[in-house]
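**Q** Numbering (the numbering used here), first residue to last: 8 to 386. Take a look at this one; I'll ask things after.
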């Protein structure tokens, strides 16, 4: 009985309870909207419930793991992830024009998902080893560590995952002390590039024009963003229908399971990338604000854990995990509302998908581990 009590105490102490409460609310909301998105009879609802259970278990296991142990494993995890990406490059399976999967015999995996976690872990480990004494050359080395998996993922091609890996690594470098002055030229170049893209849209979006740096489907997504009405029944169909669904929800929404765009099958990928359109149609503006508040609390709690971490490793990794959630939300809602290209980024804890939920569960577990062990980590 005493051992059972000690085990239960360990389970309870493993969690950061404010973070857990936010995640439970988001999990319940995710299952509620998934029930509507699948129409109440689809097998994907039961599958998603199982995915949540697996993600919760992964979160708990990681939360129990001391950050010191994670630090020792970090270089091996990063190297293992890069090796798997190389395996995809040479031996990967191709589906729908993309080579993103690796068949290991007993299981088929998508290694790029793993790099969303291991890249920020590796960069946090690298800067932690420098003990705050690093210069410009160290940021160059960190940039190389980030660029290797980024390039391999872009080649698959998987621009959405590559973007998430890039941003999670960038936030580690920024929190480590990357000078804001170095970001100004990049910001200016981005503004100039976007302005040129909009101004010369008619010329550069002509059929047959090769953009060289982007695949044809990626070029089509950018051009569709600039003018969805150019192909309303083809490339622009996703964006147009999701915007109609969001607009038709109005202030109060049409009501749970009453969304016409959803249940008449006008919203493609409504259980995955475009699930926010389902939610906004049924719950309206107020429902959308409620969801954004939950995400704000999630990200805020992650940044709070980062601020209170007692080591460089914990501070950088927690900050990167929190900002990774932000990038997920910003990119997904941006592409569903028509202000960003469609890049296949799921909405955290809402979109259907076991691999993505497992990644989010591990990220949440890392935050809990850093929160729980900060006193032990400092000694």
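Here a beta-carbon is modelled for each residue, glycine too, at the ideal position from N, C-alpha and C.
1. What's the C-alpha gap between residue 245 and residue 261?
2. Residue ranges of each beta strand (DSSP E) run of no fewer than 3 residues wholly in the segment 64 to 144, ordered along the chain?
3. Taking residue 182 and residue 322 to be in contact with their CB atoms under 8 Å, please state how far apart those CB atoms are, rounded to whole angstroms.
4. Between 68, 354, 359, which has its C-alpha nearest residue 339's C-alpha?
5. Using a Cβ distance threshold of 8 Å, determine whether the segment 138 to 147 contacts the segment 297 to 307, with at least three qualifying pairs required.
6. Check whether the segment 282 to 290 touches the segment 243 to 259, counting contact only when three or more Cβ pairs, one atom from each stretch, lie closer than 8 Å.
7. Since residue 66 and residue 371 are thought to touch, with beta carbons under 8 Å apart, how far apart are those beta carbons, to the nearest angstrom?
8. Beta carbon of residue 34, beta carbon of residue 64: below 7 Å?
9. How far does the alpha helix (DSSP H) with residue 335 in it reach, from first residue to last?
10. Kindly indicate which three-state DSSP category residue 248 falls into: helix, strand or coil?
11. Taking the alpha carbon of residue 346 as the point to measure from, which residue in 61, 120, 234 has its own alpha carbon closest?
12. Residue 368 by DSSP, collapsed to three states: which one?
13. Terminal residues of the continuous alpha helix (DSSP H) containing residue 179?
14. Please go through the same chain and pick out, in chain order, the residues whose beta-carbon is closer than 7 Å to the beta-carbon of residue 117, but skip the five residues on each side of it.
15. With three or more C-beta pairs closer than 8 Å as the rule, is the segment 325 to 339 touching the segment 166 to 179?
16. Between 55, 375, 374, 366, which has its C-alpha nearest residue 124's C-alpha?
17. Quick one: using the 10 Å Cβ neighbour count with 16 as the cut-off for buried, is residue 446 buried or exposed?
18. Under 6 Å Cβ to Cβ from residue 333, same chain only, skipping five residues before and after it: list those, please.
19. Would you call residue 278 buried or exposed, if buried means 16 or more other Cβ atoms sit within 10 Å of its Cβ?
**A** Once the coordinates are examined:
1. Position 238 of the chain shown, counted from the first residue, corresponds to residue 245. Position 254 of the chain shown, counted from the first residue, corresponds to residue 261. So the two alpha carbons sit approximately 20 Å from each other.
2. 100 to 102, 105 to 110
3. Taking the chain shown and counting its residues from 1, one reaches residue 182 at position 175. Taking the chain shown and counting its residues from 1, one reaches residue 322 at position 315. Sure, about 7 Å apart at Cβ, within 8 Å.
4. In the chain shown, residue 339 corresponds to position 332, counting from 1. Selected option, being the one with the closest Cα: 354.
5. no
6. yes
7. Translated into positions along the chain shown, residue 66 becomes position 59. Translated into positions along the chain shown, residue 371 becomes position 364. Going by Cβ atoms, the distance from residue 66 to residue 371 rounds to 5 Å, so yes, they are a contact pair.
8. Taking the first residue of the chain shown as position 1, residue 34 is located at position 27. Taking the first residue of the chain shown as position 1, residue 64 is located at position 57. Contact: no.
9. Taking the chain shown and counting its residues from 1, the one referred to as residue 335 is at position 328. Element bounds for residue 335: 319 to 343.
10. In the chain shown, the residue the question calls residue 248 occupies position 241. Residue state, collapsed to three classes: helix.
11. Residue numbering aside, residue 346 sits at position 339 when the chain shown is read from its first letter. Residue 234 is the option with its Cα nearest to residue 346.
12. Translated into the one-based positions of the chain shown, residue 368 becomes position 361. Helix at residue 368.
13. Along the chain shown, one-based indexing puts residue 179 at 172. Per DSSP, residue 179 belongs to the alpha helix (DSSP H) from 166 to 183.
14. The residue given as residue 117 occupies position 110 in the chain shown. Closer than 7 Å at Cβ, skipping near neighbours: 107, 108, 362.
15. yes
16. As a working mapping, residue 124 is identified with position 117 in the chain shown. When only C-alpha atoms are compared, the closest one is 366.
17. Since the first residue of the chain shown is 8 and the last is 386, residue 446 is not available in this structure.
18. As a working mapping, residue 333 is identified with position 326 in the chain shown. Taken in chain order, the residues that qualify are 306.
19. Walking along the chain shown from the start, residue 278 turns up at place 271. Residue 278 is buried by the Cβ-count criterion.
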